[in-house]
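Have a look at the structure below, then the notes.
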Amino acid sequence: MSLRIIVAAAVFLPILAVILLLGIAAYRGRWHSWHGNDGFFRWPYAPLAGAWFASSMLLITAALLVATVVPGVVVAVMLAIAFLLLLVSIVVYVHSPRWLLPGYVRWLDGDAGFTERPACLDAYRNSRLNRVMRKLTLDPRREF
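The opening position of the sequence shown corresponds to residue 2 in my numbering, with each subsequent residue numbered one higher.
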């Protein structure tokens with residue numbers, strides 16, 4: 002491997018890992034101040050799509066690393082799964098299906114199937130991650 006690839010991977014992989022962790026935090030409800038913040042995110046479900054996108058890119062990177070050791074069938078399967086994850090990220094980014102959204106997002110959007118306030122909105126309201134991301138997205142402290 003050339004030095005350029007190693008340097009690019011050293012920069013690119015931690016960024017993808019952070020995007021993946023933020024997407025997982027958004028799905029689990031630990032970071033929910035992103036929802037309804039039209040000033041920072043131009044698409045309504047961009048943080049949720051970030052988890053799918055980062056996982057597809059990490060899987061592509063893993064497939065390229067595995068390609069040096071394992072025959073092509075395993076790499077082809079990994080790339081096919083990564084392509085499907087990439088398609089899911091595009092769908093979630095542009096227009097997410099309701100069944101793919103977390104429960105607290107459906108409750109905040111007024112989905113009739115969710116009548117009770119989800120516990121994650123109260124449990125993680127004052128979490129450190131939510132406070133930090135609220136400052137980064139310039140979101141005033143809101144009550145849900």
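We put the beta carbon where it would ideally sit given N, CA and C, even for glycine.
Keep in mind it's a predicted model, so treat the numbers as computed, not measured.
Check	Outcome
Test item: CB-CB of residue 28 and residue 94 under 8 Å	no
Straight-line gap, residue 5 to residue 111 (C-alpha atoms, nearest Å)	49 Å
Residue ranges of each alpha helix (DSSP H) within the segment 42–104, 4 or longer	47–67, 73–96
Endpoints, alpha helix (DSSP H) assigned at residue 119	Segment: none, residue 119 is in no alpha helix (DSSP H) and carries neither H nor E.
Simplified DSSP state of residue 32, which is helix, strand or coil	coil
Top-ranked residue by Cα proximity to residue 30, from 77, 120, 137	120
Proximity winner among 108, 132, 107, 90, relative to residue 24 (alpha-carbon distances)	90
Separation of residue 10 from residue 77, as counted between CA atoms	21 Å
Residue 133, buried or exposed, once every other Cβ within 10 Å from all chains shown has been counted against 16	exposed
Residue 57 beta carbon less than 8 Å from that of residue 86	yes
Through-space distance from residue 70 to residue 107, alpha-carbon basis	44 Å
Contact belief for residue 26 with residue 130 at Cβ below 8 Å, rounded distance in angstroms	6 Å
7 Å CB neighbourhood of residue 128 in its chain, flanking five on each side removed	31
Cβ separation of residue 17 and residue 59, assumed to be a contact under 8 Å, to the nearest whole Å	5 Å
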